[in-house]
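Using this note's numbering, read the sequence shown as starting at 1 and increasing by one per residue. Here a beta-carbon is modelled for each residue, glycine too, at the ideal position from N, C-alpha and C. Here's the structure, in structure tokens; my notes come after.
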Amino acid sequence: MTLDIMLKRLGLSTVQRVLPDLTSIAEKEAWSYTQFLERLVSEEIAQRAENRIANQVAKAKFPFQATIETFDFTFKSDLKLQMLGRFLGPELVSEHRSLILEGPPGTGKTHLCISIAYKSIQNGFSARFTTATALINDLRVAHDLNLALKPYLQPHVLVIDEMGYLGYGSGAADVLFQVVDQRYLKGKPILFTTNKPLKHWGRVLHDEELARAIIDRTLHHGEYMKLTGASYRLKGRKIDLDLPAISERPTATKGGDTKSEN
């Protein structure tokens, strides 16, 4: 049996691939047997780690690629990298540190949560991304809720994006609570993004008590951060998004005239 066949049987595909080139280098630089073996093994380990990350990223279903290194902290002067440090290491999972990021659109909430989840994959864990609407709709129509819950309970880290962006019908609080409560009991963190203050979650979910229970479990070992400022998507553009309150907007009257509701 040849060395090539034995390496293939052992699943050492990277060693099999780099062996000719490394053999040539080892001979020229007079590596010891130990040095040669260490280099072969390190190449195999590095490739397997890269493959694992790629596989886990695919399973995570991120809507786009984002890393903490590509986040523009200079644009968000109220947010510092040091403030997120405790979410970027293995402690995110080992100490089940959940996070709720609140802020208006374009302030980087989704980017940050994907970055944290991606970092957890690099640290050896698994992650899953979903929007609140997709999760709620998926579970609300499930014939077997326990089976439908598994994709949201199994990953070490779960990102629930856009909490409160859209209206939810009856039963939304019930199924969301199932996810939050079971992950809380298993010690698995959740990363929420939302454009709604926490005090409005009860109105969004049509259930004040369950909303409080969801927030309570999320923040027991987690933190809440509020992002402010302009949208990064509109960076450099002078657009006034401070719309008047409903009571200040003009309303039509008979004859086509308008009047203020004040």
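Query	Result
For residue 131, three-class secondary structure by DSSP	strand
Inter-stretch contact at 8 Å, needing at least 3 Cβ pairs: the region 41-55 / the region 101-109	no
Local Cβ density within 10 Å of residue 141, reported as buried at 16 or more and exposed below that	exposed
Between the CA atoms of residue 206 and residue 49 - distance to the nearest angstrom	44 Å
Neighbourhood of residue 193 by C-beta distance below 7 Å, restricted to the same chain and skipping five residues each side	101, 109, 110, 113, 161, 162 and 163
Best match in 66, 60, 7 and 73 for proximity to residue 229 [C-alpha to C-alpha]	73
Any alpha helix (DSSP H) of 4 or more consecutive residues that is wholly inside the region 157-242	172-186, 201-205 and 208-220
Residue environment, residue 64, which counts as buried when at least 16 other CB atoms sit within 10 Å	exposed
Beta carbon proximity, residue 104 to chain C, threshold 8 Å	Protein chains in the displayed structure number just one, and chain C is not present.
Ranges of the alpha helix (DSSP H) found wholly within the region 67-105, counting only runs of at least 4	91-94
Beta-carbon proximity check, residue 129 vs residue 60, cutoff 8 Å	yes
Under 8 Å between C-beta atoms of residue 145 and residue 173	no
Three CB pairs or more closer than 8 Å across the region 11-27 and the region 87-96	no
First and last residue of the uninterrupted alpha helix (DSSP H) at residue 13	13-29
Distance between beta carbons of residue 226 and residue 103, contact taken as under 8 Å	6 Å
Minimum C-alpha distance to residue 168 - residue among 137, 58, 90 and 55	137
Buried versus exposed, by CB contacts within 10 Å (16 or more), residue 170	exposed
Spatial distance of residue 222 from residue 143 (CA atoms)	32 Å
Residue 49 - DSSP class collapsed to helix/strand/coil	helix
Neighbourhood of residue 254 by C-beta distance below 8 Å, restricted to the same chain and skipping five residues each side	A caution first: residue 254 carries a pLDDT of 42, below 50, which makes its placement in the model too unreliable to give a value.
Residue 151 - DSSP class collapsed to helix/strand/coil	helix
Cβ-based neighbour list, residue 119, same chain, cut-off 7 Å, excluding 5 preceding and 5 following	68 and 88
Separation of residue 159 from residue 149, as counted between CA atoms	14 Å
Sub-8 Å separation of residue 116 and residue 92 beta-carbons	yes
Under 8 Å between C-beta atoms of residue 217 and residue 180	yes
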